[in-house]
Amino acid sequence: MQIKPIKEITEFLEKIATPMGIEIVEVEWNDKSASLTVYIETETGVDLDTCEKFHNAILDPIDELDPTSDKPYTLNVSSPGLDRPFKTARDFERNLQKEVEVKLYAPLRGRKFIEGVLTDFDDNSISLEVNKVEIKISRNKIAKINKAIKFD
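Residue numbers for the sequence shown follow our numbering, beginning at 1 and rising by one.
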């Protein structure tokens, strides 16, 4: 099924999301299930009520956009999930001074998995504080970086 470009759908949805205090993290199309999933975030996190509120807000407008050229599809709105990898600069900004998990392609100082506080980032590297020591890691060495998941 041919759908409109994801960038066009995202920009359309951002016009509705921004005034609601919602950030579009990612829009994903699944050909197999004919489903369009919109991942959202807010400053205070995302719960079921937030997803439902945004889903209801975009339901009629997205039908007018007609992303699938009149073909049936399922619209989903979801939080990005705790273990979602950081993809955008906004993901890194949102997690500055927070604990993150970093999985590396090859060991660094004997470790392929590092947990620490994200203290800085740019296009080429990140900086973590690990046991009061600053570690700089080149982004091309990172297989995955996401929020640290803690169970107390």
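Cβ coordinates follow ideal geometry from the N, Cα and C atoms, glycine included.
Residue i - containing beta strand (DSSP E), residue span
i      : result
ASP120 : 111-121
LYS32  : It is not in any beta strand (DSSP E) - LYS32 carries neither H nor E in the DSSP assignment.
LYS4   : No beta strand (DSSP E) contains LYS4, which DSSP labels as neither H nor E.
For residue i, three-class secondary structure by DSSP
i      : result
LEU96  : coil
THR10  : helix
ASN131 : coil
ILE62  : helix
ASN56  : helix
SER106 : One detail in the question is off: residue 106 reads as Ala in this sequence, not Ser. Looking at ALA106 - three-state DSSP - the assignment turns out to be strand.
ALA143 : strand
ILE16  : helix
Cutoff 6 Å; reference residue i; Cβ partners in own chain excluding five residues on either side
i     : result
THR74 : SER35
Beta-bridge pairing of residue i - partner residues as DSSP gives them
i     : result
THR50 : In DSSP, THR50 forms no bridge with anything.
LEU82 : According to DSSP, which records beta bridges pairwise, LEU82 is partnered with nothing at all.
Close-in-space but distant-in-sequence residues of the same chain around residue i (CB under 8 Å, 5 per side omitted)
i      : result
ARG111 : LEU104
LYS141 : LEU104, TYR105, ALA106, LEU108
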